[in-house]
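K.L.:
Letter by letter, the sequence shown follows residues 196 to 524 of my numbering. Pasting a structure here, questions to come.
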Amino acid sequence: MQDTDYIRRAIELARRGTALTSPGAMVGAVIVKDDAVVGEAFYTYDGIHHAETLALRQAGDAARGATVYTSLEPCAHAGRTPPCAQALIDAGVARVVSATEDPDPRVQGKGFAMLRAAGIPVESGVLSDEASRMNEAFLKYTRDKRPFGILKVAMTLDGKIATSNGESQWITSEESRAAVQGLRHSVDAVVTGSGTFLKDKPQLTDRTGLPRRRELLRVVLDRRERVEKTPGWLLIRGGFDLLFEELDKRQVQSFMLECGPDLAFSALENGIIDKIVAFVAPSILGGREVPAIGGAGIERLSDAIPLRDWTVTQGKTDITITAYVHGNH
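The structure is reproduced here in structure tokens:
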């Protein structure tokens, strides 16, 4: 097996930490000696110990002279645990291969530097795009000090989210609805607007049945003071500044916006959305009502909100389009 194979395994392990690591990163580690895996592990926030330390424990004496593969740079600072880089040095590993550098200022190259200073060869950047995409919420939260925002849309081919009389359940397939549950499981919070909350009375819960460290935070953004306090919901009377203030208090690393067309456009216009996931059903409703994205709209093509890194996935019935909002917006 090649370095890429073992890094891919480290990323695969890291994904097991979905909903279990925030506000930290998902990290996986694999220790290989004589072409055999002698230790592997992944990080969870409540488990405290980092993936590298857990993998070293599993490897025991076999770690000496081994190659360590990590999805993220080993830490170089003492936080809740001692530095992982020092643990690797103490274990006598021969080489470290990593996918990405940790943007946390307490680390950010220092872990690699510590290893190199101890005479351990380090290679970084193996499958970095794949590892960065997996940890996109952590990277955004760490670098920009704000949560990663996802806009979810379920619509017909002509961009409608309901019929002319407001019927919207269900526009998309059961398969797409299951995928939405997976998205909810991956984020810390789900946000909707007062209009959607009052009209649809959505649950917006994580019904995957998978373990999560913190209960999904459900938020109603009520800019017109129309909603009464509701058990199980965080009611925010105000705009995006107040929303982010409240999310920051709770160390929310990522959120998903499930809302009506006007709030969706406002969120895009204000630059708080990083990724759009659109589930598109093979049907047409027509009419001028309830578009997926509403608001005042944009008058000039040159001012259109640019998207990048398109991917299209074909399901049994629907297609799923994932795109990232251009960083300059």
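All C-beta atoms in this analysis are idealised placements derived from N, C-alpha and C, irrespective of residue type, glycine included. This one's a predicted model, so the numbers in the text were calculated from it and none came from an experiment.
Using C-beta distances below 7 Å, list every residue in its chain close to Leu412, excluding the 5 sequence neighbours before and after it, in chain order.
P.N.:
Around Leu412: Asp383, Ala384, Leu429, Arg445 and Val447.
K.L.:
For Arg379, count neighbouring Cβ atoms within 10 angstroms of its own Cβ and tell me buried if that reaches 16, exposed if not.
P.N.:
Arg379 comes out buried.
K.L.:
Tell me whether the segment 310-330 and the segment 340-348 touch, counting them as touching only if at least three CB pairs, one residue from each stretch, are closer than 8 Å.
P.N.:
Because the criterion of three Cβ pairs below 8 Å is not met, the segment 310-330 and the segment 340-348 do not touch.
K.L.:
Contact between the segment 346-359 and the segment 416-435 is defined here as three or more beta-carbon pairs at a separation below 8 Å; is this criterion met?
P.N.:
Contact fails: fewer than three Cβ-Cβ distances are below 8 Å.
K.L.:
Going by the DSSP bridge assignment, what does Lys347 pair with across the sheet?
P.N.:
Looking at the DSSP assignment, Lys347 forms a beta bridge with Val472.
K.L.:
Give me the residue from Val292, Pro269 and Ala294 with the minimum Cα distance to Ala282.
P.N.:
With distances taken between Cα atoms, Ala282 lies closest to Pro269.
K.L.:
Below 8 Å on the Cβ atoms is my guess for Leu452 versus Ile468; work out the distance and round it to an integer in Å.
P.N.:
Indeed they touch by this definition, with Cβ atoms about 7 Å apart.
K.L.:
In the structure shown, what three-state DSSP assignment does Val375 receive?
P.N.:
Here Val375 sits in helix by DSSP.
K.L.:
Check whether the Cβ atoms of Thr239 and Leu267 lie closer than 9 Å to each other.
P.N.:
Result no, Cβ atoms of Thr239 and Leu267 do not sit closer than 9 Å.
K.L.:
Quick check: the segment 509-519 against the segment 474-492, are at least 3 beta-carbon pairs closer than 8 Å?
P.N.:
Verdict: yes, contact present.
K.L.:
Considering only residues of the segment 255-289, which uninterrupted beta strand (DSSP E) runs meet the minimum length of 3 residues and lie entirely inside it, listed in chain order?
P.N.:
List check, beta strand (DSSP E) in window: 262-265.
K.L.:
Identify whether Arg445 lies in helix, strand or coil by the three-state DSSP scheme.
P.N.:
Coil, per DSSP.
K.L.:
Count the other CB atoms within 10 Å of the CB of Leu416; is the residue buried (16 or more) or exposed (fewer)?
P.N.:
Label assigned to Leu416: buried.
K.L.:
Does the Cβ of Thr391 have 16 or more other Cβ atoms within 10 Å, making it buried, or fewer, making it exposed?
P.N.:
With 16 or more Cβ atoms within 10 Å of its Cβ, Thr391 is classed as buried.
K.L.:
Name, in chain order, the residues that DSSP records as bridge partners for Pro486.
P.N.:
Answer by DSSP bridge pairing, in chain order: Lys355.
K.L.:
Can you give me the start and stop residues for the alpha helix (DSSP H) that Arg210 sits inside?
P.N.:
First-last of the alpha helix (DSSP H) with Arg210: Asp198 to Arg210.
K.L.:
Let's see if you can read the secondary structure: which residues bound the beta strand (DSSP E) around Gly388?
P.N.:
Unbroken beta strand (DSSP E) run through Gly388: Ala384 to Gly388.
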